[in-house]
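Numbering (UniProt numbering), first residue to last: 1 to 138.
Ideal Cβ placement from N, Cα and C applies to all residues, glycine included.
All values reported here derive from a predicted model rather than from experimental measurement.
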């Protein structure tokens, strides 16, 4: 194992498998780096000289970007949101009514209508799900 003073570690296995750990790239602390070093015999650790600071890898600068708000998408959410809520509500009330009036068996024609209502409601809610997942990533 090559051990650099800046925390970098380069391990080579008996089979030639290489593993390089650069703590500057991933915010790894010295305490987190200690266990692999403790498991090695002192004779297999090569203390390397300090590296030139320009050669130590650094994470790429990431610009904080604000999510792009598109007017058409907001309009689409508004236009599809109301029918989605209405069709979902009507489907839920219809399902409640069908379940209460049936004797354990739902007629096929009513089951098909309920399934169609569920599918239509789900299709209208797809843009909402997309907007929520975009908001979670931001």
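Checklist entry - Hey, would you say residue 98 sits closer than 9 Å to residue 108, going by beta carbons? => result As a first step, residue 98 must be located in the chain shown, where it is residue number 98. As a first step, residue 108 must be located in the chain shown, where it is residue number 108. Against a cut-off of 9 Å, the Cβ pair of residue 108 and residue 98 comes out as no contact.
Checklist entry - Quick one: is residue 29 buried, meaning 16 or more other Cβ sit within 10 Å of its Cβ, or exposed? => result Against the chain shown, residue 29 aligns to sequence position 29. The residue in question, residue 29, is exposed, as its Cβ has fewer than 16 Cβ neighbours within 10 Å.
Checklist entry - To which residues does DSSP link residue 9 through a beta bridge? => result Taking the first residue of the chain shown as position 1, residue 9 is located at position 9. In the DSSP output, where bridge partners are listed per residue, residue 9 has 3 and 21.
Item to check | For residue 70, the three-state DSSP class (helix, strand or coil) | outcome: In the chain shown, residue 70 corresponds to position 70, counting from 1. Looking at residue 70 - three-state DSSP - the assignment turns out to be coil, as it is neither helix nor strand.
Checklist entry - For residue 51, which beta-bridge partners are listed by DSSP? => result What you label residue 51 is simply residue 51 of the chain shown in a count that begins at 1. Bridge partners of residue 51: none, in fact.
Checklist entry - What residue from 93, 54 and 3 has the CA that sits closest to residue 114's CA? => result Numbered from its first residue, the chain shown carries residue 114 at position 114. For residue 114, the nearest C-alpha among the options comes from 93.
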